[in-house]
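*Asks:* Heads up: take any position in the sequence shown, counting from 1, add 65, and you land on this note's numbering.
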Amino acid sequence: MCGIFAVIGSREVSSLLIDGLRKLEYRGYDSAGIATIDNSNKDNSGQINVKKSKGKLINLSNLIKQKLPKGHVGIGHTRWATHGKPNERNAHPHLDFSGQIAVVQNGIIENYRDISKSLAIKGIKFTSETDTEIIPHLIGLEIEQSLANGFPPNGHTLLKAVQKVLTWLEGTYAIAVIWSKAPNALVVASEQAPLVLGFGEGEFFCASDTPALVGFTRTFLPLRDHEIALLTPLGIELYGDDGNRQHRAPSLLQGTEFFADKKDFRHFMLKEIYEQPETAQQWLDRFLPMDLPSGNSVALPISTSLVERIEQIQILACGTSRHAGMVGAYLLEQFAGVPTKVYFASEFRYAPPPLSPNTLTIGVSQSGETADTLAALRMEKERRDSADDPNFYFHQLGITNRVDSSLGRELENVIDIESGIEIGVAATKTFLGQMLSFYGLTLLFASHRQKRSSQEILDLSHDLRLIPKQLADLIKKHDSLSQEIAHLFVDTKDVIFLGRGINYPIALEGALKLKEISYIHAQGYPAGELKHGPIALLDQHVPVVSIAVPGIVYEKVLSNSQEAKARDARLIGVSTYGPESEMFDELFTIPKVSEWISPLLTVVPLQLFSYHIAAHKGLDVDQPRNLAKSVTVE
Ligand code: F6R
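1. What residues in its chain sit with their C-beta under 7 Å from that of serine 471, if we drop five residues either side in the sequence?
2. Please confirm whether glutamate 373 and asparagine 423 have their CB atoms less than 7 Å apart.
3. Between leucine 296 and the rest of its own chain, which residues show a CB-CB distance below 6 Å, the 5 nearest in sequence each way excluded?
4. Which residues end up in the neighbourhood of the ligand F6R when you take C-beta atoms closer than 5 Å to any of its heavy atoms?
5. So, is isoleucine 486 buried or exposed, given that buried needs 16 or more other C-beta atoms within 10 angstroms?
6. Does the Cβ of aspartate 687 have 16 or more other Cβ atoms within 10 Å, making it buried, or fewer, making it exposed?
7. What residue range does the beta strand (DSSP E) around arginine 144 cover?
8. Cα separation between aspartate 604 and arginine 632?
9. In chain order, what residues of the same chain have a beta carbon less than 7 Å from the beta carbon of threonine 321, not counting five sequence neighbours either side?
10. Would alanine 592 and arginine 565 be called neighbours here (beta carbons separated by less than 7 Å)?
11. Cα separation between glutamate 594 and arginine 690?
12. Who are the Cβ neighbours of glutamate 445 in its own chain at under 6 Å, not counting the five residues just before and after it?
13. Just tell me which of Gly575, Lys336, Ile550 has its CA closest to the CA of valine 560.
14. Who are the Cβ neighbours of histidine 543 in its own chain at under 7 Å, not counting the five residues just before and after it?
15. Relative to the C-alpha of histidine 148, which residue among Ala629, Ala213, Gln170 is closest?
16. Return helix, strand or coil for lysine 150, following the three-state DSSP convention.
17. Could you please give the first and the last residue of the uninterrupted alpha helix (DSSP H) stretch that includes serine 484?
18. Where does arginine 351 fall in DSSP's three states?
19. Closer than 6 Å by C-beta to isoleucine 180: which residues in its own chain qualify, once you throw out the five before and the five after it? Chain order, please.
20. Cα separation between lysine 642 and valine 490?
21. At the level of alpha carbons, what is the spacing between threonine 197 and glycine 93?
22. Compute the Euclidean distance between the alpha carbons of alanine 511 and phenylalanine 400, then round it to the nearest angstrom.
23. Per DSSP, which one or two residues make a beta bridge with glutamine 588?
24. Assuming serine 663 and isoleucine 567 form a contact by the criterion Cβ under 8 Å, report the distance between their Cβ atoms to the nearest whole angstrom.
25. Across the stretch 217-229 and the stretch 295-315, are there enough close Cβ pairs to call them in contact, namely three or more that are closer than 8 Å?
26. Quick one: what's got a C-beta closer than 8 Å to histidine 586's C-beta in the same chain, skipping five residues either side?
27. Which residues bound the alpha helix (DSSP H) around proline 664?
28. The alpha helix (DSSP H) with glutamate 574 in it runs from where to where?
29. Got a sec, what are the start and stop residues for the beta strand (DSSP E) threonine 237 sits in?
30. Taking the alpha-carbon positions, what's the phenylalanine 289 to leucine 303 distance?
31. Would you please state the rounded distance, in angstroms, between the beta carbons of tyrosine 238 and lysine 694? I believe it to be under 8 Å.
32. Contact between the stretch 99-118 and the stretch 210-217: three or more CB pairs below 8 Å?
33. With H, G and I counted as helix, E and B as strand and the rest as coil, what does DSSP make of proline 217?
34. Could you check the C-alpha separation between valine 698 and arginine 87 for me, to the nearest Å?
35. Can you name the start and end residues of the beta strand (DSSP E) that threonine 171 belongs to?
36. Hey, is the stretch 127-137 in contact with the stretch 158-167, meaning 3+ C-beta pairs nearer than 8 Å?
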């Protein structure tokens with residue numbers, strides 16, 4: 066979703082801005098822009114230069130290439146449209162009525178309509194359809210007032226004006242502001258939207274996410290809610306919402322491959338699919354090593370006392386992360402015997418179930434910045450805290466790929482899936498890491514509750530340890546098969562995915578992957594539901610993908626698949642090889658494994674199937690239209 070990158074220092078910044086924005090491209094966007102203050106006039110009166118363009122960053126970089134906008138301070142933005150079409154006019158930065166103040170913003174200002182009306186009454190004309198544009202105008206008016214009251218045109222005057230304006234705004238947002246009369250100042254602020262400060266040598270940065278800082282600095286400090294900072298070429302002053310200076314030590318970026326390259330792969334998504342055996346191996350090495358101390362089923366960072374207290378679990382997540390949660394819920398209930406429910410985070414916030422005692426709330430988010438998930442978790446914390454009853458205590462756990470994210474910082478217990486940065490918008494290896502974490506939790510709860518015999522626990526652990534090799538074999542085999550058959554589906558308009566039991570979430574995930582990157586409509590159903598309505602859709606033009614894995618629902622899924630075939634649907638199986646395989650027109654074989662661990666494998670052919678159809682259609686696989694990697698608005 067929108068990305069902010071801003072810098073102040075002593076060198077020219079326009080190409081640095083493009084560089085920083087490029088590292089935020091993975092978040093998804095539809096237009097981009099930068100503003101710098103050209104301070105080269107002798108009279109020290111700065112001039113704001115704004116350059117914007119629709120579409121990819123390359124358009125902006127081509128636009129400024131001929132004549133780089135000058136300036137040692139600048140703000141940059143990649144926009145994912147919420148208010149107003151994705152065009153140049155609505156792209157950020159936005160200027161105030163005087164043309165002296167430029168602002169970039171992420172998030173949504175909820176009361177912008179009321180404010181725009183009162184600004185219009187004052188004669189201010191709007192040049193965009195965005196909610197953002199009110200901010201520079203409000204700051205402009207406040208600064209006019211300050212100058213009239215004799216305040217000097219400097220960074221602190223800008224800071225004070227921004228501080229005042231923020232008290233009028235409702236919503237969640239992150240902003241960066243510059244003022245042509247204070248070319249040595251950059252003011253940034255955050256209200257429940259991610260923003261990190263970067264400390265370089267003689268230059269300072271702010272960005273929506275840490276990967277943008279790579280190559281500039283490794284020292285960073287995430288802004289907390291309601292905080293505001295004044296950046297100058299000499300340093301950073303940080304203030305809380307009470308106006309008092311804050312002093313917090315910055316952290317050091319961990320990991321070296323923060324900005325991955327595509328290597329020899331055509332797309333990041335394919336590379337990330339190929340990285341799954343490594344993701345699994347690393348997860349196993351950390352959480353399920355061979356040398357576990359005796360009596361331990363898994364090495365997750367979760368205390369025994371927490372596990373002992375928990376009677377039920379609720380999982381809050383969106384999209385693919387919710388599908389991982391659904392696989393988790395199946396395992397936690399059916400294998401470990403813990404009642405578990407999964408919620409769409411976006412629904413939970415406005416329709417939570419009655420408070421249940423001794424409940425573990427798990428937030429799942431690869432980015433750790435999904436606004437719906439964060440808002441649901443915050444709401445749940447608040448309502449449990451205010452219940453003031455130890456039975457309703459907010460027991461919490463996060464599962465994320467970004468421990469440095471808001472989710473990672475806000476929750477007490479976190480499983481870091483450490484899948485490595487995922488650039489493709491369509492989640493693949495992080496889905497695997499999330500699912501594996503639920504297998505870990507299942508082992509933990511099952512052994513503590515003595516729900517399963519030690520042999521059953523050992524069998525599941527043993528099967529998990531075989532996964533990396535099985536994944537590697539599957540990927541190799543199905544990459545070429547899905548490439549071969551992709552052309553058959555290029556004109557397909559609708560696809561139905563069927564699965565049951567533990568593989569029902571995989572049917573949903575297969576459908577989601579296909580929709581998001583190939584733009585083919587796809588729907589996942591529990592196979593038994595087919596005859597209750599969706600079967601009416603079937604004919605020779607609607608292929609059906611059926612996940613049929615030996616286990617308790619195997620025969621049932623095969624019968625449901627037969628029903629589809631009888632309606633002339635082209636049948637694609639994700640199944641083991643056997644006499645029954647004949648019914649499938651295309652077959653992605655998977656090895657004969659225990660049904661418990663099958664989702665870790667069945668998802669792989671579906672990822673490759675979607676990938677190759679999208680790639681065959683020549684689509685932008687890594688940054689599909691309208692999608693964002695971090696969905697930071699509700
Ligand atoms: C699908 C996808 C999205 C995300 C969803 C939640 O490939 O990536 O459906 O799963 O937006 O994102 P996170 O996991 O960052 O909370």
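Virtual Cβ for every residue (Gly too), placed ideally from N, Cα, C.
*Replies:* Quick look at the numbers:
1. Looking up residue 471 in the sequence shown gives position 406. Cβ within range, chain order: Pro259, Gly433, Glu434, Leu439.
2. The residue given as residue 373 occupies position 308 in the sequence shown. The residue given as residue 423 occupies position 358 in the sequence shown. No. Outside cutoff.
3. Numbered from its first residue, the sequence shown carries residue 296 at position 231. Excluding residues within five positions, the ones whose Cβ falls inside 6 Å are Ile73, Leu251, Phe269.
4. Counting every residue whose Cβ lies closer than 5 Å to a heavy atom of the ligand F6R, we get Cys383, Gly384, Thr385, Ser386, Ser430, Gln431, Ser432, Thr435, Ala491, Ala492, Val696.
5. Taking the sequence shown and counting its residues from 1, the one referred to as residue 486 is at position 421. Answer is buried; the Cβ neighbour count reaches 16.
6. The count along the sequence shown starts at 1 and reaches residue 687 at position 622. Buried: at least 16 other Cβ atoms inside 10 Å.
7. Stepping through the sequence shown from its first residue, residue 144 is reached at position 79. Per DSSP, the unbroken beta strand (DSSP E) holding arginine 144 starts and ends at 138-144.
8. As a first step, residue 604 is located in the sequence shown; it is residue number 539 there, counting from the start. As a first step, residue 632 is located in the sequence shown; it is residue number 567 there, counting from the start. Each residue's Cα considered, the two are about 6 Å apart.
9. Taking the first residue of the sequence shown as position 1, residue 321 is located at position 256. Below a pLDDT of 50, predicted positions are generally treated as unreliable, and threonine 321, at 47, falls in that range; no measurement from the model is reported.
10. On the sequence shown, position 527 is the one that residue 592 refers to. On the sequence shown, position 500 is the one that residue 565 refers to. Closer than 7 Å, so yes.
11. The sequence position of residue 594 within the sequence shown is 529, counting from 1. The sequence position of residue 690 within the sequence shown is 625, counting from 1. When the Cα atoms are used, glutamate 594 and arginine 690 turn out to be separated by approximately 31 Å.
12. On the sequence shown, position 380 is the one that residue 445 refers to. Residues of the same chain with a CB within less than 6 Å of the CB of glutamate 445, apart from the 5 flanking positions on each side, are Thr426 in chain order.
13. By one-based count along the sequence shown, residue 560 stands at place 495. In terms of CA proximity to valine 560, Gly575 leads the group Gly575, Lys336, Ile550.
14. As a first step, residue 543 is located in the sequence shown; it is residue number 478 there, counting from the start. The residues are Phe653, Val669, Pro670, Leu673.
15. By one-based count along the sequence shown, residue 148 stands at place 83. Ranking Ala629, Ala213, Gln170 by Cα distance to histidine 148 puts Gln170 first.
16. Numbered from 1 along the sequence shown, position 85 holds the residue referred to as residue 150. If DSSP states are grouped into helix, strand and coil, lysine 150 belongs with coil.
17. Here residue 484 is taken as the residue at index 419 of the sequence shown, counted from 1. Taken as a continuous stretch (DSSP letters only), serine 484 belongs to no alpha helix (DSSP H), as it is neither H nor E.
18. Within the sequence shown, the letter at position 286 stands for residue 351. Arginine 351 carries a helical assignment under DSSP once its states are collapsed to helix, strand and coil.
19. Counting from 1 along the sequence shown, the entry for residue 180 is found at position 115. Taken in chain order, the residues that qualify are Ile199.
20. What you label residue 642 is simply residue 577 of the sequence shown in a count that begins at 1. What you label residue 490 is simply residue 425 of the sequence shown in a count that begins at 1. One point to set straight first is that residue 642 is tyrosine, not lysine, in the sequence displayed. Whole-angstrom Cα-Cα distance: 32 Å.
21. In the sequence shown, the residue the question calls residue 197 occupies position 132. In the sequence shown, the residue the question calls residue 93 occupies position 28. Take the alpha-carbon of threonine 197 and the one of glycine 93: they are about 19 Å apart.
22. The count along the sequence shown starts at 1 and reaches residue 511 at position 446. The count along the sequence shown starts at 1 and reaches residue 400 at position 335. Across the structure, alanine 511 and phenylalanine 400 are spaced so that their CA atoms are roughly 7 Å apart.
23. Taking the first residue of the sequence shown as position 1, residue 588 is located at position 523. According to DSSP, glutamine 588 bridges with Ile561.
24. The residue labelled residue 663 in the question sits at position 598 within the sequence shown. The residue labelled residue 567 in the question sits at position 502 within the sequence shown. Approximately 7 Å separates the beta-carbon atoms of serine 663 and isoleucine 567; this is inside 8 Å, confirming the contact.
25. These segments touch.
26. Position 521 of the sequence shown, counted from the first residue, corresponds to residue 586. Within the same chain, histidine 586 has close Cβ partners Lys558, Asp559, Val560, Lys580.
27. Translated into positions along the sequence shown, residue 664 becomes position 599. Per DSSP, the continuous alpha helix (DSSP H) segment holding proline 664 begins and ends at 664-681.
28. Taking the first residue of the sequence shown as position 1, residue 574 is located at position 509. Unbroken alpha helix (DSSP H) run through glutamate 574: 569-583.
29. Sequence index remark: in the sequence shown, residue 237 carries index 172 (1-based). Threonine 237 -> beta strand (DSSP E) spans 236-244.
30. Walking along the sequence shown from the start, residue 289 turns up at place 224. Walking along the sequence shown from the start, residue 303 turns up at place 238. A small fix is needed here, since residue 289 is arginine in this sequence, not phenylalanine. When the Cα atoms are used, arginine 289 and leucine 303 turn out to be separated by approximately 10 Å.
31. The count along the sequence shown starts at 1 and reaches residue 238 at position 173. The count along the sequence shown starts at 1 and reaches residue 694 at position 629. About 19 Å; that fails the 8 Å criterion.
32. Flag = no, the stretch 99-118 and the stretch 210-217 do not touch.
33. Within the sequence shown, numbered from 1, the residue matching residue 217 stands at position 152. Per DSSP, reduced to three states, the secondary structure at proline 217 is coil, with no helix or strand assignment.
34. Taking the first residue of the sequence shown as 1, we reach residue 698 at position 633. Taking the first residue of the sequence shown as 1, we reach residue 87 at position 22. When rounded, the distance between both Cα atoms is 21 Å.
35. Here residue 171 is taken as the residue at index 106 of the sequence shown, counted from 1. The displayed chain sequence assigns asparagine, not threonine, to residue 171. Where asparagine 171 is concerned, the enclosing beta strand (DSSP E) stretches over 166-174.
36. The stretch 127-137, when compared against the stretch 158-167, does not touch it at the 8 Å Cβ threshold.
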